[in-house]
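In the working numbering, the protein residues as written are 5 to 393.
What follows is a single structure, written as structure tokens, with notes after it.
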Amino acid sequence: MIYLDYNATTPLCAPAREAMLPYFDQDFGNASSIHAAGRAARAAIDNARDKLAAILRANPHELVFTGSGTESNNLAVLGLARSQRHRGRHLICSSVEHHAVLHAFKHLRRNEGFEVTLLPVDSTGLVDPEELARALRPDTTLVSIMAANNETGVIQPMRDIADACRSRGVLLHSDMVQAFAKLRGDVADVPVDAASFSAHKFYGPKGAGLLYLRAGISIESIQFGGAHENQRRPGTENVAAIAGMAAAAEWALLDSVIEQARQDTLRDRLWGGISRCFPSAQQNGATATRLANTLNVSFPGLDSETLLMALDLEGICASSGSACMVGSVVASHVLLAMGMTPATARAAVRFSLGKQTTTREIDAGVEAVGRVCQRLSRHAAARDAYAVA
Ligand code: PLP
């Protein structure tokens, strides 16, 4: 199997697995218990919080452990909008956000009387900070713009976006789920008020998320039941997953600069091969600054679902649109927002590389794409000829 779907998820790294094991076994205590078993669990959480805070250049109490990137996004959007509703009910997000953000905004608009402005992106997938500044109103309380897009890898100008929000006193949340360890993006570098992360995107366990929330900002909890995480996220902590997330974060950052350069070269090699075997292929989002590991390609005349199934039979794992919509034939909202036709958007495949990707895998991947495209193009031509006849 050649795995080219690292934006969907990554394999657990050895340090994360090792860090997790004790908490499945001898140190199984509940971190809220006052006895020795509970204290061992609490120490693990405190230790993970300190490590992650140091990495993000944040204060430990500014971190909220959650169960996923989705939950972090939901908590940020719903919790911040609701806690600020006395100040105003106008919210802004980009049209290319992950559904964990978009659907939370939609919920607020439909059910809680908020007004939401969806900021367009240009054909490269970028938000214009000046357009954002123009969209800000006296009653705007929250803006949410992702740091890097999961489908195209396009990186948003977060500093300019943050400046626009700061100068108007508007809170800024950023979905940094795809950015961690791929971009230099600690919260001291990019001055956001809240940021979401997810461990399984950086070689940590699934079901572990993190929300950074700048000190002094109040948030309404979206779950009820306990005082965990400083009243911000009730529920018994997943100690093993939290320990694994911190170990993975450290591991992912060890060689991230070298790794980004290596993946950039491999990504270009993959594109070079694909464009040779399918000359009408087009890279989506390639003219903007992109994550080094992400290649989104449209194969005009073919459809992504068939392509992905054929690639799967060849042992290649890739995806179309967001992995969270697997099986869906709906064109990607991200590509449509970039002005692509539904047909071109439905012909798009995302290849995403990671630390374990090798040159041999890329070359084998190119060959497989070539075989699959040739076969599917023949079928498409035969189908069209039959339709004309
Ligand atoms: N945000 C982005 C940009 C993502 O790519 C994903 C996952 O694909 C999520 C949020 C959701 O994260 P999780 O899978 O941890 O719920």
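Glycine included, C-beta positions come from ideal geometry on N, C-alpha and C.
Local conformation of residue i per DSSP, three classes
i	result
Ser326	Here the model assigns Ser326 a pLDDT of 46, short of 50, so the residue's position is not dependable, and the following value carries that caveat. Ser326 falls in the coil class under three-state DSSP.
His90	coil
Gly28	Looking at the sequence shown, residue 28 is not Gly but Phe. If DSSP states are grouped into helix, strand and coil, Phe28 belongs with the helices.
Val373	helix
Thr298	strand
Ser178	strand
Gln360	coil
Thr345	coil
Arg1	A question about residue 1 goes unanswered here, because the residues of the chain that appear run from 5 up to 393.
Arg172	coil
Arg354	strand
Leu16	coil
CB contact flag (residue i, residue j, <7 Å)
i	j	result
Ile223	Gly83	yes
Leu123	Ser98	yes
Leu274	Ala80	no
Asn34	Val100	no
Asn63	Ala108	no
Leu13	His232	The question names Leu, but residue 13 in the sequence shown is Thr. No.
Ser308	Ala335	no
Ala253	Leu56	yes
Gly248	Ala23	yes
Arg61	Ala245	no
Ser202	Gly73	yes
Burial state of residue i (16 or more Cβ within 10 Å)
i	result
Met342	buried
Val158	buried
Ser326	Confidence in Ser326 is poor, its pLDDT being 46 and thus under 50, which makes the residue's placement unreliable; the coordinate value appears in the next sentence. By the 10 Å Cβ count, Ser326 comes out buried.
Pro346	exposed
Arg138	exposed
Gly208	buried
Phe184	buried
Gly289	buried
Thr362	exposed
Met5	exposed
Endpoints, alpha helix (DSSP H) assigned at residue i
i	result
Arg43	40–60
Val261	260–281
His337	337–341
Asp9	First-last for Asp9: undefined, no H or E at that position.
Thr310	308–317
Endpoints, beta strand (DSSP E) assigned at residue i
i	result
Thr291	From DSSP, Thr291 is part of no beta strand (DSSP E); its letter is neither H nor E.
Phe69	67–70
Ligand 3 heavy atom lying under 6 Å from the CB of residue i
i	result
Asn297	Looking at this structure, you won't find ligand 3 anywhere; what it does contain is ligand 1.
Quiz item: Along the chain, which unbroken stretches of the beta strand (DSSP E) at least 3 residues long are found entirely within the stretch 197–239?
Solution: 198–202, 213–217
Practice problem: Counting only runs of 4+ residues fully inside the stretch 98–134, write out the alpha helix (DSSP H) ranges in chain order. | Solution: 103–115
Quiz item: Which whole runs of the alpha helix (DSSP H) in the stretch 141–170 are 4 residues long or more, in chain order?
Solution: none
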